[in-house]
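These notes are about the structure you will find just below.
Numbering (the working numbering), first residue to last: 74 to 151.
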């Protein structure tokens, strides 16, 4: 996974967690510093990278939400 795609994936994970009320585990990763350093390199190379990554992540989250049946559809099926 490239640092840019990892940034998109992590932002998407944050967006979905917030939408679903999931509290993330706060235990640090063993490679936390090098992982964050890869993000910083992406952001240093392209000042708009965070906006692009956030837009891609939001589209992915919207796609995933679209795969879920609406609450009214679930009630009708039951």
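All C-beta atoms in this analysis are idealised placements derived from N, C-alpha and C, irrespective of residue type, glycine included. Nothing here was measured: the structure is a model prediction, and the numbers come from that model.
Residue nearest to residue i in terms of C-alpha spacing, selected from the options
{"i": "residue 83", "options": "129, 121, 136 and 93", "result": "129"}
Residue i - DSSP class collapsed to helix/strand/coil
{"i": "residue 119", "result": "coil"}
{"i": "residue 131", "result": "helix"}
{"i": "residue 94", "result": "coil"}
{"i": "residue 79", "result": "helix"}
Cβ shell of residue i (< 7 Å), same chain only, five flanking positions each side left out
{"i": "residue 85", "result": "130, 133 and 134"}
{"i": "residue 184", "result": "Residue numbering for the chain in the displayed model covers 74 to 151; residue 184 lies beyond these limits and cannot be assessed."}
C-beta neighbour in chain D for residue i, strict 8 Å
{"i": "residue 97", "result": "Among the chains in the structure shown there is no chain D, since it carries only a single protein chain."}
Spatial neighbours of residue i in its chain, beta-carbon cut-off 6 Å, leaving aside the 5 residues before and after
{"i": "residue 122", "result": "115 and 116"}
{"i": "residue 127", "result": "84"}
8 Å CB neighbourhood of residue i in its chain, flanking five on each side removed
{"i": "residue 92", "result": "134 and 138"}
Rounded Cβ spacing between residue i and residue j (contact assumed at less than 8 Å)
{"i": "residue 111", "j": "residue 76", "result": "4 Å"}
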